[in-house]
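**Student:** One structure, as structure tokens, below. Some questions next.
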Amino acid sequence: SASSAGKIWIANYLCPGNIVLSGENSACELAAELAEQEGGRAIPLAVAGAFHTEIMKPADSRLSEALAGVGLKKPEIPVISNVDAEIHEEPDEIRELLVRQVVSPVLWEDSLRTMLAAGFDEFYEIGPGKVLKGLMKRVDRKISCETVNDS
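Number 153 marks the last residue of the sequence shown (the numbering used here); no jumps.
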């Protein structure tokens, strides 16, 4: 129903009950109103663009051109893409996924579940804040996540 006011997409699937919508301001504002009418909560984020949506399509071709000249090597540790929440090891595949992430929703919850299923059991959030730690705990309360540099 918010799409009647403009273009809007789900840009992030963060954790149970927490998604991020992105798109034209009019559609996002209407989505926030509708969520609140249904008992939900909407928090506008101060961002510079409609990231992870089709609105960013011009940027993905520019990123593709930029990455074409970058030599990527096979990673020494698994790379889990937030585009498909899968483990990737081939440089060309990783390059393509880096481009796709510009216009694709972030599958954070699914990516975290992939890490857990692969046996990862210790996580570190680098930098100020505890946003990722909080999201992780909403997926699995038993997750061990240490925050580094919480200043």
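Even for Gly, the Cβ is constructed at its ideal location relative to N, Cα and C.
1) For threonine 116, which three-state DSSP category applies?
2) Roughly how many whole angstroms lie between the Cα atoms of aspartate 123 and leucine 114?
3) In chain order, what residues of the same chain lie with their CB nearer than 6 Å to the CB of phenylalanine 53, ignoring the 5 residues before and after it?
4) I need the DSSP call for valine 150, collapsed to helix, strand or coil.
5) Locate the beta strand (DSSP E) running through glycine 25, then write down its first and last residues.
6) Report buried or exposed for alanine 29, applying the criterion of at least 16 other Cβ atoms within 10 angstroms of its Cβ.
7) Report yes or no: do three or more beta-carbon pairs, one from the segment 130-140 and one from the segment 86-103, lie closer than 8 Å?
8) On the DSSP bridge assignment, give the partners of asparagine 14 in chain order.
**Tutor:** In short, the structure shows the following:
1) helix
2) 10 Å
3) none
4) strand
5) Glycine 25 -> beta strand (DSSP E) spans 20-25.
6) buried
7) no
8) Val22, Val108
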